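From first to last, the protein sequence lines stand for chains S and H. For the first sequence, my numbering assigns the number 5 to the initial residue and increments by one for each residue that follows. For the second sequence, my numbering assigns the number 5 to the initial residue and increments by one for each residue that follows. Notes for the one structure printed next.
Protein chains: 2
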Amino acid sequence: MSEVEERKPQEPLHERFVQVLELLQRHRLIEESVARQGSDHQDRVDALVQQQHLAELQQTLAELHPADIAYILEALPLDDRLTVWQLVRVENDGEILLEVSDAVRETLIADMDEHEMIAAAKDLDADELADLAPELPRDVVQGLMESLDDQQREQVRSALSYKDDQVGAIMDFEMVTIREDVTLEVVLRYLRRLKELPDQTDKLFVVDVAGLLKGVLPIKRLLVNDPDCMVHEVMATDPVTFSPDEDGSYAAQAFERYDLVSAPVVEKSGRLLGRLTVDEMVDLIREESESEALNRAGLREEEDIFASVWKSLQNRWAWLAINLITAFVASRVIGLFEHSIEKLVALAALMPIVAGIGGNSGNQTITMIVRAMALDQLSTGNSSRLLRKELGVAFINGVIWGGVIGLVAWLLYDSWSLGLVMTAAMTLNLLLAALMGVLIPMTMVRLGRDPALGSSVLITAMTDSGGFFIFLGLATIFLL
Amino acid sequence: MSEVEERKPQEPLHERFVQVLELLQRHRLIEESVARQGSDHQDRVDALVQQQHLAELQQTLAELHPADIAYILEALPLDDRLTVWQLVRVENDGEILLEVSDAVRETLIADMDEHEMIAAAKDLDADELADLAPELPRDVVQGLMESLDDQQREQVRSALSYKDDQVGAIMDFEMVTIREDVTLEVVLRYLRRLKELPDQTDKLFVVDVAGLLKGVLPIKRLLVNDPDCMVHEVMATDPVTFSPDEDGSYAAQAFERYDLVSAPVVEKSGRLLGRLTVDEMVDLIREESESEALNRAGLREEEDIFASVWKSLQNRWAWLAINLITAFVASRVIGLFEHSIEKLVALAALMPIVAGIGGNSGNQTITMIVRAMALDQLSTGNSSRLLRKELGVAFINGVIWGGVIGLVAWLLYDSWSLGLVMTAAMTLNLLLAALMGVLIPMTMVRLGRDPALGSSVLITAMTDSGGFFIFLGLATIFLL
Numbered sequence: 005m006s007e008v009e010e011r012k013p014q015e016p017l018h019e020r021f022v023q024v025l026e027l028l029q030r031h032r033l034i035e036e037s038v039a040r041q042g043s044d045h046q047d048r049v050d051a052l053v054q055q056q057h058l059a060e061l062q063q064t065l066a067e068l069h070p071a072d073i074a075y076i077l078e079a080l081p082l083d084d085r086l087t088v089w090q091l092v093r094v095e096n097d098g099e100i101l102l103e104v105s106d107a108v109r110e111t112l113i114a115d116m117d118e119h120e121m122i123a124a125a126k127d128l129d130a131d132e133l134a135d136l137a138p139e140l141p142r143d144v145v146q147g148l149m150e151s152l153d154d155q156q157r158e159q160v161r162s163a164l165s166y167k168d169d170q171v172g173a174i175m176d177f178e179m180v181t182i183r184e185d186v187t188l189e190v191v192l193r194y195l196r197r198l199k200e201l202p203d204q205t206d207k208l209f210v211v212d213v214a215g216l217l218k219g220v221l222p223i224k225r226l227l228v229n230d231p232d233c234m235v236h237e238v239m240a241t242d243p244v245t246f247s248p249d250e251d252g253s254y255a256a257q258a259f260e261r262y263d264l265v266s267a268p269v270v271e272k273s274g275r276l277l278g279r280l281t282v283d284e285m286v287d288l289i290r291e292e293s294e295s296e297a298l299n300r301a302g303l304r305e306e307e308d309i310f311a312s313v314w315k316s317l318q319n320r321w322a323w324l325a326i327n328l329i330t331a332f333v334a335s336r337v338i339g340l341f342e343h344s345i346e347k348l349v350a351l352a353a354l355m356p357i358v359a360g361i362g363g364n365s366g367n368q369t370i371t372m373i374v375r376a377m378a379l380d381q382l383s384t385g386n387s388s389r390l391l392r393k394e395l396g397v398a399f400i401n402g403v404i405w406g407g408v409i410g411l412v413a414w415l416l417y418d419s420w421s422l423g424l425v426m427t428a429a430m431t432l433n434l435l436l437a438a439l440m441g442v443l444i445p446m447t448m449v450r451l452g453r454d455p456a457l458g459s460s461v462l463i464t465a466m467t468d469s470g471g472f473f474i475f476l477g478l479a480t481i482f483l484l
Numbered sequence: 005m006s007e008v009e010e011r012k013p014q015e016p017l018h019e020r021f022v023q024v025l026e027l028l029q030r031h032r033l034i035e036e037s038v039a040r041q042g043s044d045h046q047d048r049v050d051a052l053v054q055q056q057h058l059a060e061l062q063q064t065l066a067e068l069h070p071a072d073i074a075y076i077l078e079a080l081p082l083d084d085r086l087t088v089w090q091l092v093r094v095e096n097d098g099e100i101l102l103e104v105s106d107a108v109r110e111t112l113i114a115d116m117d118e119h120e121m122i123a124a125a126k127d128l129d130a131d132e133l134a135d136l137a138p139e140l141p142r143d144v145v146q147g148l149m150e151s152l153d154d155q156q157r158e159q160v161r162s163a164l165s166y167k168d169d170q171v172g173a174i175m176d177f178e179m180v181t182i183r184e185d186v187t188l189e190v191v192l193r194y195l196r197r198l199k200e201l202p203d204q205t206d207k208l209f210v211v212d213v214a215g216l217l218k219g220v221l222p223i224k225r226l227l228v229n230d231p232d233c234m235v236h237e238v239m240a241t242d243p244v245t246f247s248p249d250e251d252g253s254y255a256a257q258a259f260e261r262y263d264l265v266s267a268p269v270v271e272k273s274g275r276l277l278g279r280l281t282v283d284e285m286v287d288l289i290r291e292e293s294e295s296e297a298l299n300r301a302g303l304r305e306e307e308d309i310f311a312s313v314w315k316s317l318q319n320r321w322a323w324l325a326i327n328l329i330t331a332f333v334a335s336r337v338i339g340l341f342e343h344s345i346e347k348l349v350a351l352a353a354l355m356p357i358v359a360g361i362g363g364n365s366g367n368q369t370i371t372m373i374v375r376a377m378a379l380d381q382l383s384t385g386n387s388s389r390l391l392r393k394e395l396g397v398a399f400i401n402g403v404i405w406g407g408v409i410g411l412v413a414w415l416l417y418d419s420w421s422l423g424l425v426m427t428a429a430m431t432l433n434l435l436l437a438a439l440m441g442v443l444i445p446m447t448m449v450r451l452g453r454d455p456a457l458g459s460s461v462l463i464t465a466m467t468d469s470g471g472f473f474i475f476l477g478l479a480t481i482f483l484l
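Below is the structure:
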């Protein structure tokens, strides 16, 4: 772990990025001209200039923080990305791999040989190694595991035994533990002997001989209390703790609510296992909000924006296929009423309005509900009250906006009865949208699914088919 | 600021919430029965039981962390919320007001008199007061400002002079500053005299006599280095700093990238103004991802899920109105081809498929691009490459899925030419969706707007009107 405080990395980042891009472009230009000419009379000069550019690029990269290099790698197309990746210092490789997105990491690892992978991974902590392991070849992981000592190997195994989003997979093992029956003076001297403290250390963990957590000693208290005090006099005895099989997002909410920087992870017996830190929680919150946005749009996962067309297709097909089916169903609903449309073709022009407004309104409701669910704000007692409110909003919207569009339809097609049917259909479809907007996410949760998953596609399917059916049905009954 | 570490608040939170709900329900039942009977023969007994329930509720609330009370308040309908709010200890009022969402805060403040407001706000720090001030009545703010000392008043004014999302409005003023020409031993003794350190203190700020920032002393280094070292030997001289007019989300990204816990805010001259802390950044990241989700669905702002129907209508009308206009435009596009639909009514049934798949695919593209923009991954050199990739994906999707649906149309309506038109229209509309999915957010950014704002409504408007026009236009040319 490098000490970020030593540098001032963010200000010149954009500048540096532009600099990297320029150097890459010059590099490409020469490469292309060599490829075009095919001759060798200029080769020597070109090769020299080429080398000079690469050396300059390497120098620029060496001055950058690993997180910044990760950022630049993500923003580069594949060929440029690999050129830069080759120039990065080996000792930074591991940390960069941890920082980049999954999709980009895949492209980087595909470009490394076994030797490079081992060199990149060997300086990582146990929890970091566990993060990387599933994406490395089996032999490499085997080799890395053998190079670890028993305790570390146990830690990697432990981290790998939990699901990605469980606390046990997110926690790290870099904690400072102390005993309760010593003075703060002794603790201070002990810390000095450690030479370095783990990042994000805002508290020390107080354990007994058996490794049971007795409390935590916030660094703040260590600093302001009399050095002659005993640890057990000053420590907090009932701190916020997490268990390794808890959900990571639950822990993130607790970090957010109680403004934590680090917290101990203990198993049921009370034995200290590891710790969670706020930087991991920040990453988790960011990832969650992103995957929610992607899920809602029907993207399976994070996509490298320069992914190949083929990869992108795979990522997008699942929901497109579902959407194709729902669209087909809506089309067949219209098919039922082809006879009516033949008689009154205005219906074809007006029906998308009913479906479209219903979809928009339903999306508003479902977004609200999914959000309240994510924050755990919905209890059984609340939901009927909530449904009543949403239905009320839908009804008023239906009467008012449906009335407006009904008026327009009347003027446009010179038929007040068509206008009335339009208003009635809008109101009914908005009520359907509100009902489904509440029921769909609740059903998803009851089925043990993520309520955000495909919520937009599902609600739109309901309001499309429903809207067409309601409008064309009413029209068939009352107008024909 | 209470010390969270002293309690173990999160585990029993759900339990406590259920407990609060039960007590509230019992309270309501008695209230209702009194209201129903109208008689007074049971009044004395009821009143006693009533009081007992409220006392029990108050006791439960007193044991909860302010952040937990805020959570419970947000999850309660308005009447229950105000009952609970009345029972909360006054000294927690300020902190709870800071924790709840804007919409809920409004309902709580509306229930307080001036005296209560002043009592709630008077123990807050300057930056917290500035957060609350815009929502308090002018007289109350005036009164509070007069009770502050000069320095604090200046801090509140400074915080109020920045926009909500600027660093200057987010920073706090609780920093520990030291001089560079003293030993660590002196620093340690100084800290002990302070009795308490601000939350999230992971570094001390080193300033000169003029208040210019010379560096930062991470607590980690203070603890592991020899107490006889001088501060300037150990401090980091070029730390990550922010300026007060920077964008808060930019700072949040830096916190995330460099795993910061706190960072100094300095003005251009180098003078130290305040500090940013990771807990504020976590809140910011969460808020941003929420407002992005809300914006995309066409909700103006965060909505209290138990808001009145009237409030909800106001929140949702802006985008519903825009959607009504775009739906009307799409309807008029269909109107242009009423003659064609009259001749071949199958067109009416098939056209929503073309529009719907286009909308879904366009939403996938725009979600990707908006995300890449939020991470600052799009440079001018990249965008044409990206457009080419999206067009490639769209073309393949169009040919394959358009082919499938074209085949179905052929079988269903027994017309291979109709099937061909369907496939061609699908492909063209997917290409339009890809083009607009890239161009809309880029144009938004060029106009200085948030690229996520209404992106879903805009792309759907394009793919609806465009899809109807392409499909019905091709059909009119080739089939009739």
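All C-beta atoms, glycine included, are put in the ideal place defined by N, C-alpha and C. These figures come from a predicted structure and were not determined experimentally.
Cβ of residue i within 9 Å of any chain S Cβ
| i | result |
| --- | --- |
| glycine 470 of chain H | no |
| threonine 480 of chain H | no |
| leucine 152 of chain H | no |
| asparagine 433 of chain H | no |
| proline 138 of chain H | no |
| aspartate 203 of chain H | yes |
| proline 455 of chain H | no |
| proline 356 of chain H | yes |
| glycine 360 of chain H | yes |
Residue i at chain H interface by Cβ criterion, 9 Å
| i | result |
| --- | --- |
| glutamine 23 of chain S | no |
| glutamine 62 of chain S | no |
| phenylalanine 473 of chain S | no |
| proline 81 of chain S | yes |
| serine 165 of chain S | no |
| histidine 69 of chain S | yes |
| glutamate 271 of chain S | no |
| asparagine 96 of chain S | no |
| threonine 464 of chain S | yes |
N- and C-terminal bounds of the alpha helix (DSSP H) containing residue i
| i | result |
| --- | --- |
| glycine 452 of chain H | No alpha helix (DSSP H) holds glycine 452 of chain H; DSSP gives it neither H nor E. |
| valine 461 of chain S | 459 to 483 |
| histidine 343 of chain S | 342 to 347 |
| arginine 161 of chain H | 154 to 164 |
| serine 419 of chain S | Element bounds for serine 419 of chain S: n/a, residue is neither H nor E. |
| arginine 375 of chain H | 350 to 378 |
Beta bridge counterpart(s) of residue i as assigned by DSSP
| i | result |
| --- | --- |
| glutamine 54 of chain H | Glutamine 54 of chain H is not bridged to any residue. |
| aspartate 485 of chain S | In this structure chain S extends from 5 to 484, so residue 485 of chain S is not present and cannot be described. |
| glutamine 170 of chain H | H/Asp251 |
| isoleucine 182 of chain H | H/Val210 |
Any non-hydrogen atom of the ligand FAD closer than 8 Å to residue i Cβ
| i | result |
| --- | --- |
| lysine 272 of chain H | For the structure depicted, the ligand FAD is absent and the ligand set is empty, with no information on it obtainable. |
**OP:** Could you name each continuous alpha helix (DSSP H) segment of 4 residues or more that falls completely within the stretch 196 to 279 of chain S, going from the start of the chain to the end?
**Re:** 223 to 228, 235 to 238, 252 to 262
**OP:** Write down every uninterrupted run of the beta strand (DSSP E) in the stretch 91 to 147 of chain S whose length is 3 residues or greater and which is fully enclosed by it, in chain order.
**Re:** none
Subject >> Inter-stretch contact (C-beta, 8 Å, three-pair minimum) for the stretch 125 to 140 of chain S and the stretch 105 to 116 of chain S >> reply: yes
Subject >> Cβ contact check for the stretch 181 to 194 of chain H and the stretch 219 to 230 of chain H: 3 or more pairs under 8 Å >> reply: yes
Original post:
Taking one C-beta from the stretch 385 to 404 of chain S and one from the stretch 383 to 400 of chain H each time, how about it: are there three or more such pairs within less than 8 Å?
Top reply: no
Original post:
Are there three or more Cβ pairs, one per stretch, closer than 8 Å when the stretch 205 to 213 of chain H is compared with the stretch 261 to 277 of chain H?
Top reply: yes
Original post:
Can you find at least 3 beta carbon pairs, one from the stretch 213 to 220 of chain S and one from the stretch 272 to 283 of chain S, that sit closer than 8 Å?
Top reply: yes
Subject >> At least three beta-carbon pairs within less than 8 Å, the stretch 357 to 377 of chain S to the stretch 374 to 384 of chain H >> reply: no
Original post:
Is the stretch 351 to 361 of chain H close to the stretch 319 to 331 of chain S, with three or more CB pairs under 8 Å?
Top reply: yes
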